[in-house]
Amino acid sequence: MGKLIIFSAPSGSGKTTIVRRLMSSIEGLEFSVSATSRQPRGVEQNGQDYYFLSAEEFDRKIEEDAFVEWEEVYAGTKYGTLRSELERIWSKGHTILFDVDVKGGVRLKDIFGQDALSVFIMPPSIEELRNRLVGRATDSPEKIEQRLAKAGEELGYADRFDVVVVNDNLEEAVERVAEVVGEFIAC
Ligand code: ADP
Ligand code: 5GP
520 MGKLIIFSAP
530 SGSGKTTIVR
540 RLMSSIEGLE
550 FSVSATSRQP
560 RGVEQNGQDY
570 YFLSAEEFDR
580 KIEEDAFVEW
590 EEVYAGTKYG
600 TLRSELERIW
610 SKGHTILFDV
620 DVKGGVRLKD
630 IFGQDALSVF
640 IMPPSIEELR
650 NRLVGRATDS
660 PEKIEQRLAK
670 AGEELGYADR
680 FDVVVVNDNL
690 EEAVERVAEV
700 VGEFIAC
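See below:
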């Protein structure tokens with residue numbers, strides 16, 4: 520079994536931006552591609568951004584115990600990590616990166632313990648979170664409100680993560696994440 524690094528954050532905190540930067544500066548990291556029952560958005564590709572499953576296919580995989588963990592992150596939309604994904608990445612000798620919701624992050628840490636590093640990316644404020652979601656312009660106003668409504672509860676999970684990094688200044692946040700990840704991989 521190899522190592523895993525888990526990233527969780529309220530949507531819009533800057534997790535994707537930070538993790539992309541991290542992957543370009545540290546070798547041997549590979550994203551776990553999650554399965555989801557939602558439809559592809561924009562240019563998203565099946566097998567690359569997600570494994571896009573129908574609601575029925577997703578439920579069948581739950582019954583087959585094919586998931587390490589799964590959550591209904593938004594009402595009616597499930598996301599999960601397939602067991603096959605771990606083997607696919609570890610067989611290459613790579614460290615697995617996870618981008619999962621806060622409950623999934625806590626769950627993965629519980630399962631993998633010392634082999635996992637869990638990182639919570641914290642926004643400077645809910646107001647700034649709103650600005651970023653509006654600025655990103657990928658979600659409808661309704662979806663933005665749905666994501667913001669969830670953020671308050673999600674922030675309450677921060678202290679259950681190994682490391683909390685506030686993403687106010689992006690450069691500083693990227694530097695801090697690279698530092699903790701570098702230490703974890705080296706030990
Ligand atoms: P997440 O993956 O957490 O949903 P994103 O990485 O998509 O968030 O970031 C949300 C938006 O905020 C993007 O438009 C991104 O460019 C912007 N952003 C990320 N970090 C910062 C920062 N430190 N300051 C200002 N804007 C940021
Ligand atoms: P989006 O629809 O914006 O791609 O993702 C919505 C949320 O689902 C994000 O918070 C993301 O972290 C979470 N997510 C994606 N994949 C998984 C997964 O496999 N498990 C869990 N628990 N959450 C996931």
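Heads up, the sequence shown is in our numbering, so the first residue is 520 and it goes up one at a time. For glycine and all other residues, C-beta sits at the position ideal for the given N, C-alpha and C.
>> Between Val621, Arg679, Ala656, Gln665, which has its C-alpha nearest Gly595's C-alpha?
In response: Nearest C-alpha to Gly595: Gln665.
>> Tell me which residues pass a beta-carbon proximity test against the ligand 5GP: closer than 5 Å to any heavy atom, given in chain order.
In response: Those residues whose C-beta sits under 5 Å from the nearest heavy atom of the ligand 5GP are, from N- to C-terminal order along the chain, Ser553, Glu590, Val592, Tyr598, Gly599, Thr600, Asp618, Val619, Asp620, Gly623.
> Relative to the alpha-carbon of Met542, which residue among Gly623, Ser603, Asp658, Phe617 has its alpha-carbon at the smallest distance?
Replying inline: Between Met542 and the set Gly623, Ser603, Asp658, Phe617, the nearest pair of CA atoms involves Phe617.
> Hey, is the region 549-556 in contact with the region 684-700, meaning 3+ C-beta pairs nearer than 8 Å?
Replying inline: These segments do not touch.
> What is the residue span of the beta strand (DSSP E) that Phe586 lies within?
Replying inline: Judged by DSSP secondary structure, Phe586 falls within the beta strand (DSSP E) whose first and last residues are 586-593.
> Less than 8 Å between the CB of Asp568 and some heavy atom of the ligand ADP, yes or no?
Replying inline: No, the Cβ of Asp568 stays beyond 8 Å of every heavy atom of the ligand ADP.
> Of the choices Ala670, Ile524, Ala635, Ser610, whose alpha-carbon is the least far from that of Leu707?
Replying inline: The question about residue 707 has no answer here: the residues shown for the chain are numbered 520 through 706.
> Looking at Asp634 and Gly521, is the spacing between their C-beta atoms short of 9 Å?
Replying inline: Yes; because the gap between Cβ atoms is below 9 Å, this pair is in contact.
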